[in-house]
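Q: Take this structure first; my questions come after.
Residue numbers (my numbering): 2 to 186.
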């Protein structure tokens with residue numbers, strides 16, 4: 002297996018924890034997409050009784066898919082700072098114990114206006130976002146921590162501020178490098 006560039010294609014193969022989290026995240030996203038909740042919703046899950054003290058280092062992975070130039074660099078910086086404050090050392094990806102990655106998923110709604118005689122005007126508007134933050138073991142690609150947030154957006158201008166609040170809440174839930182075992186929420 003080569004060290005770089007990293008691929009996520011085998012990331013979740015056989016991972017029952019991820020399947021559970023993915024099901025919860027999908028259900029939460031569907032509820033959010035249905036418009037049932039306009040508030041910011043943040044969740045996370047760690048691998049059951051996982052000991053994070055065995056990890057010393059991390060690296061931030063940069064993925065073009067799921068990246069948004071308006072928010073991704075700031076999110077990566079905040080998460081890296083939070084990991085450092087929690088006792089992890091940032092190193093090159095080829096030497097890291099843990100890999101940290103982000104996805105920013107945006108939902109767009111179509112607004113249709115007009116009538117049959119004058120024609121219709123269709124505009125695409127940003128309506129919601131989901132931010133996913135993931136920690137995985139570099140060697141095994143096993144997901145050891147997953148956090149996500151969902152929010153409805155009233156305008157594209159709110160994307161950066163909402164993402165900033167979501168990122169702050171997500172990174173506050175990142176695991177510490179301690180000898181205590183972290184239980185699943």
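Glycine is no exception: its CB is placed at the ideal position from the N, C-alpha and C atoms.
1. What is the residue span of the alpha helix (DSSP H) that residue 152 lies within?
2. Please tell me whether residue 145 and residue 51 are closer than 7 Å, where the distance is taken between their beta carbons.
3. Pick helix, strand or coil for residue 85, following the three-state DSSP scheme.
4. Can you give me the Cβ contacts of residue 58 inside the same chain, cut-off strictly under 8 Å, excluding the 5 residues immediately before and after it?
5. Under the three-state reduction of DSSP, which class applies to residue 90: helix, strand or coil?
6. Cβ of residue 59 versus every heavy atom of the ligand COA: is any distance shorter than 6 Å?
7. Which of helix, strand or coil does DSSP assign to residue 140?
8. Using the DSSP secondary-structure output, state which residues sit across from residue 103 in a beta bridge.
9. Do residue 175 and residue 60 have their C-beta atoms within less than 7 Å of each other?
10. Does DSSP put residue 54 in a helix, a strand or coil?
11. So, with DSSP's three-state summary, where would you put residue 178?
12. How close, in whole Å, do the beta carbons of residue 152 and residue 41 come, if the pair is a contact with beta carbons under 8 Å?
13. Can you check whether the CB of residue 76 is closer than 7 Å to the CB of residue 168?
14. Leaving out five residues before and five after residue 87 in sequence, what residues of the same chain have Cβ atoms less than 8 Å from its Cβ?
15. Count the other CB atoms, across all protein chains shown, that sit within 10 Å of the CB of residue 141; report buried if there are 16 or more and exposed otherwise.
A: A quick look at the data gives this:
1. Segment 144-153 is the beta strand (DSSP E) holding residue 152; no alpha helix (DSSP H) there.
2. When the beta-carbon positions are compared, residue 145 and residue 51 come within less than 7 Å of each other.
3. helix
4. 89, 90, 91, 92, 96, 97, 98, 99
5. Strand at residue 90.
6. This structure does not include the ligand COA; it has no bound ligands of any sort.
7. coil
8. 134
9. No; because the gap between Cβ atoms is not below 7 Å, this pair is not in contact.
10. helix
11. coil
12. Their Cβ separation, rounded to whole angstroms, is 4 Å, which keeps residue 152 and residue 41 in contact under 8 Å.
13. yes
14. Here the set comprises 175, 176, 177, 178.
15. exposed
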